[in-house]
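Trainee: I am attaching a structure below and will ask some questions about it afterwards.
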Amino acid sequence: MITRFFTDVRVRFNPFSPRAKPARLFLSLLPPNARASGMKIDSQMLPRASKEPATLAIKFKDGKEMNLELDKMRITEVMEEVDRHSRQLARKEELTGN
Amino acid sequence: MPPRIRVRPRVLCLRIASPNAPVQHAYASLATATTPAPPIDQTIRSVPPVLRYPPTQPPSHKPPQVRKSQLHRQYQSLLKSSPLLLLFQHNNIKAVEWMSIRRELAAALAKVDAEREQAGLEPLAQEIKLQVIQTGIFESALRVVEFFKPEDDLLDSASAANDPKTQASAKIPQTTNNTADERFTHGLSRRAYEAASNRKLKLELQPLLSGPLAVVGLPSVEPQYLKAILSTLAPSKEFPAPKRKANPAYHEPEVQFGLQKLMLLGARVEGKVFDQEGTKWVGGIDGGIDGLRAQLVAMLQGVGGSLTSAMEGASKSLYFTIEGRRMDMEEKEKGDGESEEKD
Chain A
1 MITRFFTDVR
11 VRFNPFSPRA
21 KPARLFLSLL
31 PPNARASGMK
41 IDSQMLPRAS
51 KEPATLAIKF
61 KDGKEMNLEL
71 DKMRITEVME
81 EVDRHSRQLA
91 RKEELTGN
Chain B
1 MPPRIRVRPR
11 VLCLRIASPN
21 APVQHAYASL
31 ATATTPAPPI
41 DQTIRSVPPV
51 LRYPPTQPPS
61 HKPPQVRKSQ
71 LHRQYQSLLK
81 SSPLLLLFQH
91 NNIKAVEWMS
101 IRRELAAALA
111 KVDAEREQAG
121 LEPLAQEIKL
131 QVIQTGIFES
141 ALRVVEFFKP
151 EDDLLDSASA
161 ANDPKTQASA
171 KIPQTTNNTA
181 DERFTHGLSR
191 RAYEAASNRK
201 LKLELQPLLS
211 GPLAVVGLPS
221 VEPQYLKAIL
231 STLAPSKEFP
241 APKRKANPAY
251 HEPEVQFGLQ
261 KLMLLGARVE
271 GKVFDQEGTK
281 WVGGIDGGID
291 GLRAQLVAML
301 QGVGGSLTSA
311 MEGASKSLYF
321 TIEGRRMDME
331 EKEKGDGESE
341 EKD
């Protein structure tokens with residue numbers, strides 16, 4: 001997963017719901033120095049009884065915001081969805097030669 | 001010219017390899033040596049049982065020498081020996097960060113230890129460790145611990161100790177050296193495997209067991225230690241992290257970066273599963289089990305007082321009504337008497 005274009009990641013999930021697996025895996029896919037390199041990561045854990053779906057909100061460097069409902073997706077689908085935009089940004093960066 | 005003798009190196013090698021062992025020749029007619037008859041004891045009584053495997057290594061369902069089996073056994077013992085177990089998720093924590101987190105945890109626990117030693121309680125900090133686990137194996141071990149409950153002991157069917165018929169005084173279970181033996185009670189046995197692989201039984205902790213996990217196990221439910229662990233590893237409003245002045249090492253970047261990537265998921269307290277809030281509640285019990293007892297006693301005393309007053313009230317009111325009724329009737333009787341007198 002291309003993570004270098006994220007500026008802000010917000011995850012909300014209830015760890016006791018089996019649907020929270022992609023949210024937790026997404027957090028484990030962020031690189032170890034993500035926070036040190038300026039990414040804001042905010043993970044909020046819901047209480048056990050809550051039925052709220054797991055959500056993920058990402059802001060990219062170009063200002064695009066992406067809101068995903070994680071409870072109907074698998075982690076591979078989440079990665080695809082996020083990478084689609086990240087690849088565009090990577091190509092733009094390559095063409096401008098930065 | 002002397003005749004040429006060919007050297008045969010193979011023959012030489014063979015001779016050198018076993019120089020001391022003379023070649024044994026025997027006549028077939030002499031080979032039928034008779035074995036002496038068994039002593040009369042053995043013919044009358046049955047042969048004492050012999051343990052067919054090392055007592056510490058009963059036959060295992062999966063090959064016991066692989067890392068998986070050993071981890072499985074280790075996790076089972078961790079689960080059985082720690083009534084309070086905290087589950088964390090760790091997201092790409094670096095080795096240096098792990099090291100600093102563990103150092104801080106040990107320091108916080110040592111502080112609690114010192115307090116407890118002054119109060120004359122047993123120190124437990126040495127046994128509390130932050131341990132990264134293999135999630136799948138841990139889940140399987142948890143299934144065995146939860147669902148495999150052998151009620152019969154191996155030694156129940158063992159031959160009695162100090163039985164004059166047996167030679168040894170130690171009890172020996174009558175299990176064979178076969179993995180499929182139904183009498184085994186250890187966690188790595190095939191019976192345990194079959195009990196745990198029943199997919200109809202669901203673990204309460206099941207949804208938590210995915211992704212990278214770490215556990216902290218406490219050998220007894222001591223909210224004092226839990227408090228120290230929570231304020232170190234998962235600081236919150238109720239359990240604030242130590243101040244920078246009190247503990248500057250805690251605020252080093254390595255510790256802080258590591259802690260940002262460590263998430264408290266839940267806890268398993270005496271077989272029951274608690275979420276974050278529940279864990280904080282357990283950590284917030286003052287004085288541990290003794291504190292709870294004191295609370296209960298106070299509550300029961302209050303209940304007793306109110307109960308006696310309530311019952312007294314009832315009897316009092318009953319007394320008052322009956323007394324009132326009596327007075328009333330007496331008055332009526334008097335009235336009747338007076339009226340009769342008048343008539």
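The listed protein sequences derive, respectively, from chains A and B.
Residue 86 in the numbering used here is what sits at position 86 of the first sequence, and the numbering runs on without skipping anything.
Residue 4 in the numbering used here is what sits at position 4 of the second sequence, and the numbering runs on without skipping anything.
Even glycine gets a Cβ: it sits at the ideal position worked out from N, Cα and C.
Does the pairing of the region 7-18 of chain A with the region 36-53 of chain A give three or more beta-carbon distances under 8 Å?
Mentor: A contact exists between the region 7-18 of chain A and the region 36-53 of chain A.
Trainee: Let me check understanding here. Comparing Cα to Cα, which of A:Arg24, A:Gly38 and A:Leu29 lies closest to Arg12 of chain A?
Mentor: Among A:Arg24, A:Gly38 and A:Leu29, the Cα nearest to that of Arg12 of chain A is on A:Arg24.
Trainee: Closer than 8 Å by beta-carbon distance: list the chain A residues that pair up with Ser210 of chain B, in chain order.
Mentor: Under the 8 Å cutoff, chain A gives Lys21, Arg24 and Leu25.
Trainee: How close, in whole Å, do the beta carbons of Ala345 of chain B and Leu105 of chain B come, if the pair is a contact with beta carbons under 8 Å?
Mentor: Residue numbering for chain B in the displayed model covers 1 to 343; residue 345 of chain B lies beyond these limits and cannot be assessed.
Trainee: Within its chain, find whatever has a CB closer than 8 Å to the CB of Ile137 of chain B; leave out the 5 residues flanking it on each side and keep chain order.
Mentor: Cβ within range, chain order: Lys68, Leu71, His72 and Tyr75.
Trainee: What would DSSP say about Glu340 of chain B, mapped onto helix, strand or coil?
Mentor: In this prediction, Glu340 of chain B has a pLDDT of 48, which is less than 50 and means its spatial position is unreliable; nothing more can be read from the coordinates.
Trainee: Would you give the residue range spanned by the alpha helix (DSSP H) that Phe147 of chain B belongs to?
Mentor: Counting along the chain, the alpha helix (DSSP H) containing Phe147 of chain B begins and ends at Thr135 to Phe147.
Trainee: Could you list the residues in the region 251-279 of chain B with a C-beta less than 7 Å from some C-beta on chain A, going in chain order?
Mentor: Under the 7 Å Cβ criterion, the region 251-279 of chain B contributes Phe257, Gln260, Met263, Leu265, Gly266, Asp275, Gln276 and Glu277.
Trainee: Kindly indicate if chain A contains any beta-carbon less than 9 Å away from that of Pro207 of chain B.
Mentor: Yes - at least one Cβ of chain A is within 9 Å of the one on Pro207 of chain B.
Trainee: Any Cβ of chain A within less than 9 Å of the Cβ of Gln89 of chain B?
Mentor: With 9 Å as the cut-off, Gln89 of chain B counts as an interface residue toward chain A.
Trainee: For Ala90 of chain A, collect the residues of the same chain with a Cβ closer than 7 Å to its Cβ; drop the 5 residues on either side in sequence, then sort them by chain order.
Mentor: Result list for Ala90 of chain A: Ile2, in chain order.
Trainee: Given a limit of 9 Å on CB to CB distance, which residues of the region 91-113 of chain B reach chain A?
Mentor: Per Cβ criterion, the list reads Asn91, Asn92, Ile93, Lys94 and Glu97.
Trainee: Can you check whether the C-beta of Ile41 of chain A is within less than 9 Å of a C-beta belonging to chain B?
Mentor: Yes, contact with chain B.
Trainee: Scan the region 190-237 of chain B and note each continuous alpha helix (DSSP H) run of 4 residues or more that stays entirely inside, going in chain order.
Mentor: For the region 190-237 of chain B, whole alpha helix (DSSP H) runs of length 4 or above, ordered along the chain, are 190-196 and 223-233.
Trainee: Comparing the C-beta of Pro53 of chain A with each C-beta of chain B, is any distance below 9 Å?
Mentor: No, Pro53 of chain A lies away from the interface with chain B (no Cβ there is under 9 Å from its Cβ).
Trainee: So, Val216 of chain B versus Leu201 of chain B, is the Cβ gap smaller than 9 Å?
Mentor: Cβ atoms of Val216 of chain B and Leu201 of chain B: not closer than 9 Å.
Trainee: Along the chain, where does the alpha helix (DSSP H) that runs through Gln260 of chain B open and close?
Mentor: Element bounds for Gln260 of chain B: Pro253 to Gln260.
Trainee: What's the call for Gln276 of chain B, buried or exposed, on a 16-neighbour Cβ count within 10 Å?
Mentor: So Gln276 of chain B counts as buried.
Trainee: Using the three-state DSSP reduction, which class does Leu95 of chain A fall into: helix, strand or coil?
Mentor: In this structure, Leu95 of chain A counts as helix in the three-state DSSP scheme.
Trainee: If the cut is a Cβ gap below 8 Å, which residues of chain B does Ser17 of chain A touch?
Mentor: Correct list: Pro207.
Trainee: Taking 9 Å as the threshold (beta carbon to beta carbon), is Ala90 of chain A in contact with chain B?
Mentor: Chain B contact via Cβ: absent.
Trainee: Between Tyr193 of chain B and Glu127 of chain B, what straight-line distance do the alpha-carbon atoms span, to the nearest angstrom?
Mentor: One C-alpha to the other measures close to 28 Å.
Trainee: Check each candidate in B:Lys243, B:Ala214 and B:Ser306 and name the one with the smallest Cα separation from Ala108 of chain B.
Mentor: Selected option, being the one with the closest Cα: B:Lys243.
Trainee: Which of helix, strand or coil does DSSP assign to Ser43 of chain A?
Mentor: If DSSP states are grouped into helix, strand and coil, Ser43 of chain A belongs with the strands.
Trainee: At 9 Å on the CB atoms, spell out the chain B contacts of Glu45 of chain A, in chain order.
Mentor: Checking the sequence shown, residue 45 of chain A turns out to be Met, not Glu. Within 9 Å Cβ-Cβ: Met263, Leu264, Leu265, Asp275 and Gln276.
Trainee: Can you name the residues of chain B whose CB is closer than 9 Å to the CB of Leu30 of chain A?
Mentor: Per Cβ cutoff of 9 Å: Asn91, Asn92 and Lys261.
Trainee: Counting Cβ pairs closer than 8 Å, one from the region 216-230 of chain B and one from the region 32-46 of chain A, do we hit at least three?
Mentor: Contact between the region 216-230 of chain B and the region 32-46 of chain A is absent, because fewer than three Cβ pairs lie under 8 Å.
Trainee: Evaluate contact between the region 88-103 of chain B and the region 257-272 of chain B, counting only Cβ atoms and requiring at least three cross-stretch pairs below 8 Å.
Mentor: The region 88-103 of chain B, when compared against the region 257-272 of chain B, does touch it at the 8 Å Cβ threshold.
Trainee: In whole angstroms, what is the alpha-carbon distance linking Leu142 of chain B and Leu79 of chain B?
Mentor: Spanning the two alpha carbons is a distance of roughly 7 Å.
Trainee: Tell me which residues share the same chain as Glu182 of chain B and place their Cβ nearer than 8 Å to its Cβ, disregarding the 5 neighbours each side in the sequence.
Mentor: Result list for Glu182 of chain B: Arg191, in chain order.
Trainee: Which term fits Gln371 of chain B, buried or exposed, when burial requires 16 or more other beta carbons within 10 angstroms of its beta carbon?
Mentor: Since the first residue of chain B shown is 1 and the last is 343, residue 371 of chain B is not available in this structure.
Trainee: Just to confirm my understanding: we take Pro219 of chain B, look at its own chain, exclude 5 residues before and 5 after, and list those with CB closer than 7 Å. What are they?
Mentor: Closer than 7 Å at Cβ, skipping near neighbours: Ser81, Ser82, Leu124 and Glu127.
Trainee: Answer yes or no: do Asn198 of chain B and Phe147 of chain B have a C-beta to C-beta separation smaller than 9 Å?
Mentor: Yes, Cβ-Cβ distance for Asn198 of chain B and Phe147 of chain B is below 9 Å.
Trainee: Which residue's Cα is closest to the Cα of Val132 of chain B: B:Ser140, B:Ala110 and B:Ala95?
Mentor: Comparing Cα-Cα distances from Val132 of chain B to each of B:Ser140, B:Ala110 and B:Ala95, the minimum goes to B:Ala95.
Trainee: Would you report the Cα separation of Gly211 of chain B and Arg103 of chain B, rounded to the nearest angstrom?
Mentor: When rounded, the distance between both Cα atoms is 24 Å.
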